[in-house]
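Peer 1: One structure follows; several queries about it will come next.
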């Protein structure tokens, strides 16, 4: 069992409240998984300022306050490193490029977990209680147009930052999962043979890399998820997001729960309705459960 | 207030769920006088909580004003519970008697394993509605999802809308009545003739659920072909 939440804000007046609303949703889902948690936030000015690209990473131990200087020295440009609990978010001018920043982070801390990267997303992960982690991340103060979160009860791999969702393996992409894939080892082997490198033995990471592989090949998200449904065995509710959209899909027998709520101001998804009760206007929202193997996608 | 018409209102956002359920079970709760034998109960602000009004054993009217989470009114005996909203997974699971009415939609496994009583879902019910039902009557105002009445042993399931895939898979002796389309029938589930007794039975169920204007003749009955009851070598792998 795990908990997933997602919030896509249509009304810009709500953007300053993204973190507050997402924190409430995440903390309500902590009963579904309290060993670790993670969030992806799109558009926060602390982590993803306009004109910058960022890399979110979890260093193996608390890194020194020299992190900023080390990266700046390596890249020969100004780098800002923002601590967010166990995760650090480094950002540089977009002209430097996210690949250069990723390379610099990996060179400086070879053991670091790359949590996410892109122009708009910050991905924050940690081991611990979701409520404590949300505070450590600084999540309640986050702003932006979209966020997803995950509370984990580990079943398929170790309780480590590498086992935390979201899995953000493509630029500005991320994926969270409630459930378990049963044939992930076979698919991981195929993806490794095609050149993909994995950070963990986690089943969900295989799903994320599968989707990223298909998106990189030019599929749209709906086609990529249809192929995932045909390739992966197991139980899942998946929430897949990128800079402009998010999508939900459930397995063929709808084993894992999901509730969608939609108003003119926002679209929200959660494992359970109770995660949604704090959203403004929930009383008037259109509520439904996604049908099995039907892909629901929203774009801005 | 007249003791016969007294109503106790409890706000689930301030009174802990365990206290509310303890009161409904007739157990003492600090700060709350016990419920009178005829006292009805209104539960406000459930906010999707799980296990609301579970395990009731005495006759009592209970109304829940809002959406509830998992297993609402589970194991009900003799009480009449009305949910003025949607219900999560397993509403009225293992009900023995009494009634549970959901004014909105119900999530999967509504009425699972229930032995008796009447479950009415005025909206849609999701997958596995009436899974392993053992004598309950279920009337769904809208449609039901896939694998409904899976391994249903006894009782009646009425669907005013459509049924999803694999209706009645591995069904025993429950009787299913569907007005709309059935996406597919599960193993050993077949359409059957509607006799006068079936029309009368269905009319009674529709009336009990508040849908007496439906014409029972527009429904189709489904039940067990009884071909899985005994070992047959063609079924072996």
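Chains as they are written, first to last, in the working numbering: chain A, 503 to 802; chain B, 209 to 445.
We put the beta carbon where it would ideally sit given N, CA and C, even for glycine.
Under 9 Å, do residue 331 of chain B and residue 353 of chain B count as touching if we go by C-beta distance?
Peer 2: No; because the gap between Cβ atoms is not below 9 Å, this pair is not in contact.
Peer 1: Does residue 559 of chain A come out as helix, strand or coil in the three-state DSSP assignment?
Peer 2: Note: residue 559 of chain A maps to strand in three-state DSSP.
Peer 1: Work out the CA separation of residue 736 of chain A and residue 600 of chain A for me, nearest whole Å.
Peer 2: Rounded to whole angstroms, residue 600 of chain A to residue 736 of chain A spans 34 Å at the Cα level.
Peer 1: Tell me the rounded alpha-carbon separation between residue 630 of chain A and residue 580 of chain A.
Peer 2: Between residue 630 of chain A and residue 580 of chain A, the C-alpha separation is close to 32 Å.
Peer 1: Output, in sequence order along the chain, the residues in the region 763 to 779 of chain A whose CB is closer than 7 Å to any CB in chain B.
Peer 2: Taking 7 Å as the Cβ-Cβ cut-off against chain B, the residues of the region 763 to 779 of chain A that qualify are 774, 775, 776 and 779.
Peer 1: Tell me, please, whether the CB atom of residue 355 of chain B is closer than 9 Å to any CB atom in chain A?
Peer 2: Taking Cβ atoms only, chain A reaches closer than 9 Å to residue 355 of chain B, which makes this a yes.
Peer 1: Could one say the Cβ of residue 256 of chain B lies closer than 9 Å to chain C's Cβ atoms, at least one of them?
Peer 2: Looking at the structure shown, chain C is missing, and the protein chains on hand are A and B.
Peer 1: Tell me the DSSP secondary structure of residue 680 of chain A in three-state form.
Peer 2: In the structure shown, residue 680 of chain A sits in a strand (DSSP, three-state: E or B).
Peer 1: Taking CB distances under 9 Å as the criterion, tell me whether residue 791 of chain A reaches chain B.
Peer 2: So yes, residue 791 of chain A belongs to the interface.
Peer 1: From this set, B:288, B:287 and B:347, which residue's C-alpha is nearest residue 314 of chain B's C-alpha?
Peer 2: The candidate whose alpha carbon is nearest that of residue 314 of chain B is B:347.
Peer 1: Could you give the C-beta distance for residue 588 of chain A and residue 663 of chain A, rounded to a whole number, given that I count them as a contact under 8 Å?
Peer 2: About 6 Å separates the two Cβ atoms, so the contact holds.
Peer 1: Per DSSP, what kind of secondary structure is residue 639 of chain A in: helix, strand or coil?
Peer 2: In the structure shown, residue 639 of chain A sits in a helix (DSSP, three-state: H, G or I).
Peer 1: Show which residues of chain B have a CB atom less than 8 Å away from the CB atom of residue 756 of chain A.
Peer 2: Near residue 756 of chain A (Cβ distances below 8 Å), the residues of chain B are 316, 334, 335, 353 and 354.
Peer 1: Residues of the region 281 to 315 of chain B in Cβ contact with chain A at a cutoff of 7 Å, in chain order, please.
Peer 2: For the region 281 to 315 of chain B, which is checked against every Cβ of chain A, the residues closer than 7 Å are 294, 296, 297 and 315.
Peer 1: Anyone know if the C-beta pair for residue 738 of chain A and residue 711 of chain A falls short of 9 Å?
Peer 2: Not a contact, by the Cβ cut-off of 9 Å.
Peer 1: In terms of residues, what are the limits of the beta strand (DSSP E) holding residue 220 of chain B?
Peer 2: Where residue 220 of chain B is concerned, there is no enclosing beta strand (DSSP E), given that its DSSP letter is neither H nor E.
Peer 1: Run down chain A in chain order and give the residues with a C-beta less than 8 Å from the C-beta of residue 181 of chain B.
Peer 2: Because chain B here runs from 209 to 445, residue 181 of chain B falls outside it and cannot be looked at.
Peer 1: My guess is that residue 527 of chain A and residue 651 of chain A are in contact by the Cβ rule of under 8 Å, so how many angstroms apart are they, rounded?
Peer 2: Going by Cβ atoms, the distance from residue 527 of chain A to residue 651 of chain A rounds to 7 Å, so yes, they are a contact pair.
Peer 1: Quick check on residue 794 of chain A - is its C-beta less than 9 Å from some C-beta in chain B?
Peer 2: Yes, contact with chain B.
Peer 1: Under the assumption that residue 261 of chain B contacts residue 250 of chain B (Cβ atoms under 8 Å), give the Cβ distance between them as a whole number of angstroms.
Peer 2: Actually they are not in contact, since the Cβ atoms of residue 261 of chain B and residue 250 of chain B sit about 11 Å apart, beyond 8 Å.
Peer 1: Less than 6 Å between C-beta atoms, sequence neighbours within five positions excluded: which residues of the same chain meet that for residue 225 of chain B?
Peer 2: The residues are 257.
Peer 1: When Cβ atoms are compared, which residues of the region 627 to 660 of chain A fall closer than 8 Å to chain B?
Peer 2: Of all residues in the region 627 to 660 of chain A, none has a Cβ within less than 8 Å of some Cβ in chain B.
Peer 1: Looking at the unbroken beta strand (DSSP E) that takes in residue 648 of chain A, where does it start and where does it end?
Peer 2: Residue 648 of chain A -> beta strand (DSSP E) spans 648 to 654.
Peer 1: Enumerate in chain order the residues of its own chain whose CB-to-CB distance from residue 376 of chain B is below 7 Å, with the five nearest sequence positions on each side excluded.
Peer 2: If we look at residue 376 of chain B and ignore the five residues flanking it on each side, its Cβ neighbours are 357, 360, 384, 393, 394, 397 and 430.
Peer 1: Cβ closer than 9 Å: which chain B residues qualify as neighbours of residue 782 of chain A?
Peer 2: Those do not exist, as residue 782 of chain A stays about 15 Å from chain B at its closest Cβ, beyond 9 Å.
Peer 1: Taking three-plus beta-carbon pairs below 8 Å as touching, is the region 772 to 788 of chain A in contact with the region 506 to 513 of chain A?
Peer 2: Enough Cβ pairs lie closer than 8 Å, so yes.
Peer 1: Can you tell me the Cα-Cα spacing of residue 389 of chain B and residue 428 of chain B, whole angstroms?
Peer 2: If you take the alpha carbons of residue 389 of chain B and residue 428 of chain B, they lie about 9 Å apart.
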